[in-house]
Amino acid sequence: MRLRPSALRGFAGLVALGAVACQEHEPEVERRGPPLPDSGSPASCPSDGAGGEGGVPSVPVRFCQAEIVLRTVCQRCHQDPPLHGAPFPLVTFEDTHKPYEGEKLRWERMKEVVASDFMPLRGSGLDPPVDYLTCEQKSTLMGWLEQCAPPEGGTDCDGTSETLVACDERWRRDGG
Ligand code: HEC
Numbered sequence: 018m019r020l021r022p023s024a025l026r027g028f029a030g031l032v033a034l035g036a037v038a039c040q041e042h043e044p045e046v047e048r049r050g051p052p053l054p055d056s057g058s059p060a061s062c063p064s065d066g067a068g069g070e071g072g073v074p075s076v077p078v079r080f081c082q083a084e085i086v087l088r089t090v091c092q093r094c095h096q097d098p099p100l101h102g103a104p105f106p107l108v109t110f111e112d113t114h115k116p117y118e119g120e121k122l123r124w125e126r127m128k129e130v131v132a133s134d135f136m137p138l139r140g141s142g143l144d145p146p147v148d149y150l151t152c153e154q155k156s157t158l159m160g161w162l163e164q165c166a167p168p169e170g171g172t173d174c175d176g177t178s179e180t181l182v183a184c185d186e187r188w189r190r191d192g193g
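Just so it is clear: in the sequence shown, position 101 is 118 by the numbering used here, and no numbers are missing.
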């Protein structure tokens, strides 16, 4: 039985400095065994932000390339303030690095929900309807997320000076 009060999880999600909160409130009990399965730490992220193994793109994807997708797709709902029931804004680089839940950051959750096509959320009755990401959009956003969402290339984007990366076959949807 681990000493890990769920209150800590909720609290950590509320403050901007989740890591600090954890340090202050971590119970003084020596933890044994492997890392917690729900710790959400980006274990597989290469420290140089590049990668190249396990299907991770070896070409660095800049934040302002991923931001094209945030700007043109996600921000229809993930505005500041958010619209259509979205839980938080995804406008700035800082928005993507805020705590999501416990020790997990928003970009780590983004990686999961974009990979699974849960996001962008479809079927909410918007006109025009929200569609799946194109292969180029998904390859760009996933490429940046798989590199652990670095500030590569600067974080002050104007939405016009970058382009999407080419389609990565891993993200091509069957039947278009
Ligand atoms: C049509 C509006 C809409 C669009 C477009 C949209 N989202 Fe969302 N998003 C939502 C709503 C609503 C929720 C809350 C869903 C829920 O909790 O079931 C959500 C939740 C999320 C969450 C949290 C998921 C969770 O399990 O708590 C993430 C991360 C996210 N969106 C990322 C994205 C990204 C990245 C994009 C663009 C690729 C995007 N969203 C596009 C409406 C949208």
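C-beta: ideal position from N, C-alpha, C; glycine also.
Please find out if some non-hydrogen atom of the ligand HEM comes closer than 7 angstroms to the beta-carbon of residue i.
i      : result
Gln-82 : Ligands present in the displayed structure are limited to the ligand HEC, and the ligand HEM is not among them.
Roughly how many whole angstroms lie between the Cα atoms of residue i and residue j?
i       : j       : result
Glu-153 : His-101 : 25 angstroms
Trp-161 : Thr-151 : 16 angstroms
Cys-194 : Lys-128 : The requested residue 194 is not part of the displayed model; the chain covers only 18 to 193.
Lys-121 : His-114 : 9 angstroms
Pro-146 : Pro-168 : 31 angstroms
Pro-116 : Phe-110 : 13 angstroms
Glu-84  : Asp-191 : 25 angstroms
I need the boundaries of the alpha helix (DSSP H) containing residue i, first residue and last residue.
i       : result
Glu-163 : 152-163
Glu-111 : 110-113
Glu-125 : 123-132
Glu-84  : 80-89
Could you spell out where the beta strand (DSSP E) holding residue i opens and where it closes?
i       : result
Glu-169 : Unbroken run through Glu-169: none, as it is neither H nor E.
Glu-179 : Counting along the chain, Glu-179 falls outside any beta strand (DSSP E), and DSSP gives it neither H nor E.
Among the options, whose alpha-carbon lies nearest the alpha-carbon of residue i?
i       : options                               : result
Val-130 : Val-76, Glu-163 and Glu-169           : Glu-163
Leu-87  : Leu-107, Ala-103 and Arg-79           : Leu-107
Arg-79  : Arg-189, Glu-125, Gly-119 and Leu-158 : Leu-158
Gln-92  : Arg-126, Val-76 and Met-136           : Met-136
Say the cut is 7 angstroms; is the CB of residue i nearer than that to a heavy atom of the ligand HEC?
i       : result
Gly-142 : no
Pro-98  : no
Val-182 : no
Ala-103 : yes
His-95  : yes
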